[in-house]
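A short worksheet on the structure shown next.
There are 2 protein chains.
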Amino acid sequence: MTDPTTPRTTLTRARVLGTAVALADREGIDRLTMRSLAAELGVEAMSLYHHVANKEDLLDGVADAIAGEMQVAVADLPAPAPSEWKAALRRRILTAREVMLRHPWAPGVFESRTGFGPQIVRYTDGFVGLLRLGGLSHDLVHHAMHALGSRAYGFTQELFDPAGSGDADASPEMLAQMATEAPHLVEMLAHIAHDPPGATLGRCDDQSEFEFGLDLLLDGLERRAAREPGA
Amino acid sequence: MTDPTTPRTTLTRARVLGTAVALADREGIDRLTMRSLAAELGVEAMSLYHHVANKEDLLDGVADAIAGEMQVAVADLPAPAPSEWKAALRRRILTAREVMLRHPWAPGVFESRTGFGPQIVRYTDGFVGLLRLGGLSHDLVHHAMHALGSRAYGFTQELFDPAGSGDADASPEMLAQMATEAPHLVEMLAHIAHDPPGATLGRCDDQSEFEFGLDLLLDGLERRAAREPGA
DNA sequence: ACCTGAACACCGTTCAAGT
DNA sequence: ACCTGAACACCGTTCAAGT
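Chains as they are written, first to last, in my numbering: chain A, 1 to 231; chain B, 1001 to 1231.
And the structure:
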């Protein structure tokens, strides 16, 4: 398989992670295995273990590489005035979301991480900085981070796909049975009109739904901030 | 292994799913394999395939079994007056959360599902019914479902653990390095005091954080509902 | 109809050995 | 120090065969 005339680039952690991201983009996250990644790099599986501790560490690195992309995208945004913290935060999150939309598998990897990589730390620090600029107390900033959760990184993990249930998957008799058992749900599904698929992360997580939930949270935070003593 | 004197209970889907839940509770979701589940039932792995299509179907069934527990817990709640929809919804969600807290692995399984099982449908229908009772339009109900996301089912999937970073895992030199690279984040971490672990889903998702985010969203929805034409 | 045992096509990872 | 090949201990799942 390996062409001996090709000048053999040395394996580095950065090259391993970069190739892993490219492979996940091209083949999907399920096809990213130690063996397939090694083959992509023209190397044996065990060689990877000199640059990543194990698969968990590989995925930690992959998540951090994505966070690095977000950090780059976000670095271009202008520094806001304190009064514009909310708009700036919104802008920042939607910019991060653009990066996520380029890597549809990335939300799943982010959700499964426990470690805080250096790029994730940098992105998050800028995030906290903006909230502090807006005058929010440390306590409120902390609450805000939990309340926003994955939305701070530009995605939400959808649970089920209500549109999918009303779509092609659901047979007529299934819908009829649902109508008696779940009248409210069926009635709501009949009222749903979704964006065309493709521009989405997950199945029903389209841009307008993401922004609706985000604005609900940001408006609430702004209100809480205004109510804080000393603000 | 199998004691021939024991009257052999027939294998049913319900018994397979119930045993799967018990096994996940006892050993963790990673230890729930087709082989281990079969052994627990005193049967060969392949016998399971007569009651579940494959492992995905098994996990769909497991998620729906948990939703069934939620449905039972929630059925006891009194029917509210229309004006009390928000308090009733809050109560319902926190009741669902109690079920989730009994099965710490369940959030991960819920997140990975795509199908809508019958018990999940029933729980969700009751949820939609409460929002409709409150006078919200179908459109707003739909937005609300997306905005709440997993919170409607009583959990949030935490991304990283900021407390863990400031806790035992972080070495002093790591914190010192972080202080220069992420001053806002480090300063915030210094102000955090968390509930004792054990009563949590995930690592930093304690009850008060869950309720803070939930109230932010419910308050926002109430405000949007009051602003709707014809409400 | 229901259950079995062996086998297949994968995983991540260890280990001892090469250069 | 870096990379290799074989092997280990698992997976989910197929298949043909039993009762």
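Ideal placement from N, C-alpha and C gives every residue a C-beta, glycine not left out.
If you're wondering where the values come from, they're calculated on a predicted model, not measured in any experiment.
For chain A, is any of its Cβ atoms less than 7 Å away from the one on B/T1233? Outside the displayed range of chain B (1001 to 1231) lies residue 1233 of chain B, so it cannot be described from this structure.
To the nearest whole angstrom, what separates the beta carbons of B/L1041 and B/V1016, a pair I think is in contact under 8 Å? 7 Å
Can you check which of these residues, B/P1082, B/V1072, B/G1220 and B/A1014, is closest to B/H1051 by C-alpha distance? B/A1014
Residues near B/P1080 by beta carbon distance below 6 Å, same chain, minus five either side: A1088
Using 8 Å as the threshold, is the stretch 1208 to 1218 of chain B in touch with the stretch 216 to 226 of chain A, meaning 3 or more CB pairs across them? yes
Whether or not the stretch 147 to 160 of chain A and the stretch 1085 to 1103 of chain B are in contact is what I'm after, with contact meaning three or more pairs of Cβ atoms, one per stretch, closer than 8 Å; do they touch? no
Hey, out of B/E1056, B/L1037 and B/L1032, whose CA is closest to B/A1114's CA? It is Thr, not Ala, that sits at residue 1114 of chain B in the sequence shown. It is B/E1056.
Please give the ranges of any alpha helix (DSSP H) in the stretch 62 to 142 of chain A, keeping only runs that are unbroken, at least 4 residues long and fully inside the region. 85 to 102, 106 to 111 and 118 to 133
If I'm right that A/A24 touches A/L11 with Cβ under 8 Å, what's the distance once you round it to whole angstroms? Contact flag wrong, Cβ pair sits at about 18 Å.
Check this for me: beta carbons of A/L132 and B/H1184, under 7 Å apart or not? The displayed chain sequence assigns Arg, not Leu, to residue 132 of chain A. Yes, the Cβ-Cβ distance between A/R132 and B/H1184 is below 7 Å.
Using a Cβ-Cβ cutoff of less than 6 Å, which residues in the same chain neighbour B/G1068 once the five nearest sequence positions on both sides are dropped? Q1119
Which residue marks the beginning of the alpha helix (DSSP H) containing A/A14, and which one marks its end? R13 to E27
So the candidates are B/Q1071, B/Q1177 and B/R1224; which of them puts its Cα closest to the Cα of B/A1147? B/R1224
Tell me, please, whether the CB atom of B/G1213 is closer than 7 Å to any CB atom in chain A? yes
Is any beta-carbon of chain B found at less than 7 Å from that of A/R132? yes
DSSP three-state assignment for A/P183, whether helix, strand or coil: helix
Report yes or no: is there a C-beta of chain A within less than 7 Å of the C-beta of B/Q1157? yes
Reference A/P104; option with closest CA among A/A73, A/R227 and A/D206: A/D206
Select from A/A226, A/V141, A/R151 and A/E211 the residue whose C-alpha is nearest the C-alpha of B/E1187. A/V141
Using a Cβ-Cβ distance under 7 Å, would B/M1235 count as near chain A? No answer is possible for residue 1235 of chain B: it lies beyond the span of chain B, which begins at 1001 and ends at 1231.
Under the rule that 16 or more other beta-carbon atoms within 10 Å means buried, what is B/H1143, buried or exposed? buried
B/D1206, DSSP secondary structure in three states: coil
Give me the Cα-Cα distance between B/F1116 and A/A190, rounded to the nearest whole angstrom. 16 Å
Hey, could you find the ends of the alpha helix (DSSP H) A/L37 is sitting in? M34 to E40
My output table needs one value for B/A1053: the three-state DSSP class, helix, strand or coil. coil
Within-7 Å CB hit, A/G220 to chain B: yes
B/S1083 classed as buried or exposed, judged by whether at least 16 other C-beta atoms fall within 10 angstroms: exposed
Please go through the same chain and pick out, in chain order, the residues whose beta-carbon is closer than 6 Å to the beta-carbon of A/K86, but skip the five residues on each side of it. L218 and E222
Listing by chain order, which chain A residues have their CB less than 9 Å from the CB of B/T1180? Under the 9 Å cutoff, chain A gives no residues; its nearest Cβ is about 11 Å from B/T1180.
Looking at chain A, is there any beta carbon in it that lies within less than 7 Å of the beta carbon of B/H1146? yes
Closer than 7 Å, CB to CB, is B/G1068 near chain A or not? no
Nearest to B/E1211 (by Cα), restricted to the options B/D1139, B/R1151 and B/A1182: B/R1151
On the criterion of 16 or more Cβ atoms from any shown chain inside 10 Å, does A/A106 qualify as buried, or is it exposed? buried
Can you grab the Cα-Cα spacing for the pair A/D139 / A/M145, in whole Å? 10 Å
In three-state DSSP terms, what is B/G1149? helix
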